[in-house]
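For the sequence shown, this note's numbering begins at 9 and goes up steadily by one. Take a look at the structure below.
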Amino acid sequence: MRFDTYLFRFFIIWYICGVFLLSFDLVPPWLEWANVVFLITSGLLAAVFFYRTYNKVLGLIFIGVVFSLSMIMESFGVATGLFFGDYVYKTDFGPKLIGVPVTIGFAWLMVIGTSHVLAKPLGEVAGRFAFAVYTLYASLIAVGIDLIIDPVAYDVKEYWVWLDDGFYYGIPFSNYLGWFVLSFVLHTVIFLLGRKNGVWRTTARSDWSRNMRWLYLLMTLMFIIVALVNGLFLASAVSSVCLLVIYSIDFSLRKSRNGGIPREEKTII
């Protein structure tokens, strides 16, 4: 049995435990390290997706670019407050690199890997507008998951604290603008390097595309559940609508492409 299978199964088990513990605020202080493991695991899943789906060199380039550039921009944001807004971390997310927990780089791998998969079908039917459609839509999908992550992380769990104010649960607009811009840049790199003559440079049908669809859904649902339990009904509603739109588009496009059957690659579980 491959490492991939064990990793995905480990994530599912950790996920089920995490949903229960986070929803009812049952995580004891001595178990706070579980957040670090969870974020790193979700990022590793996306890293495996890039590595397995594209040739090994290109996959490693994608992993390196996403991780390093996201860490650099997060470091710039923490130091200056000019990119995501002015904020400070209150929870220990593990060892830091250039002033930012390395877990943040893994979290960005998850965000970019999942949004990449969900945006590809729309980009593939956009013809000569593929670049604009793919990069803009993928960036919106990335921002979509943050519409539920940040309210929970800030308002409920206080993983970090904003020093500025904003219209949406006190989160500054610059945060979402920063998410969009960074996502756009990263997806631009993936598009420019990952496509050749209008075709994605995948090595074979990947077992991991469906896993990435599940990963985005599961991560978002977890934060929706926590938000509902803690009374963040607007964030839950907004995020639920985003999920409905994103997965309806994805399902419809894949169904149309495959002659009425939304054929999927097998899931590794």
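Beta carbons are placed, not taken as given, at the ideal position from N, Cα and C, and that holds for glycine. As the structure is a computational prediction, the values presented were derived from the model and not from experiment.
Inset, instruction - Could you tell me if V151 is buried or exposed, where buried requires 16 or more neighbouring beta carbons within 10 angstroms of its beta carbon? - result: Buried, by the Cβ-count rule.
Inset, instruction - Verify whether the separation of the beta carbon atoms of F192 and T143 is less than 8 Å. - result: yes
Legend entry - CB of W216 within 8 Å of CB of V56, strictly: yes
Inset, instruction - Could you pull out every unbroken beta strand (DSSP E) segment of at least 3 residues lying fully inside the stretch 83-159, listed in chain order? - result: 95-97
Inset, instruction - Run the CB neighbour count on S244, radius 10 Å, all protein chains shown included, and call it buried at 16 or more, exposed below. - result: With 16 or more other Cβ atoms within 10 Å, it is buried.
Inset, instruction - Sort F92, G131, I24 and F75 by Cα distance to V207 and report the nearest one. - result: The shortest C-alpha separation from V207 is found at G131.
Inset, instruction - Run the CB neighbour count on K64, radius 10 Å, all protein chains shown included, and call it buried at 16 or more, exposed below. - result: K64 should be labelled exposed.
Inset, instruction - Just mark G93 as buried or exposed, buried being the case when its beta carbon has 16 or more other beta carbons within 10 Å. - result: buried
Legend entry - CA-to-CA distance, V237 to F32, given in whole angstroms: 8 Å
Inset, instruction - Look up T210 in the DSSP assignment and give the residues it is bridged to. - result: Y62
Legend entry - Strand pairing of K204, partner residues [DSSP]: V207
Inset, instruction - Work out the CA separation of T99 and Y177 for me, nearest whole Å. - result: 19 Å
Legend entry - Cβ neighbour criterion (16 or more within 10 Å) applied to A235: A235 is buried by the Cβ-count criterion.
Legend entry - Exposure label - A146; buried when at least 16 CB within 10 Å: buried
Legend entry - Alpha-carbon to alpha-carbon, L29 and F241: 20 Å
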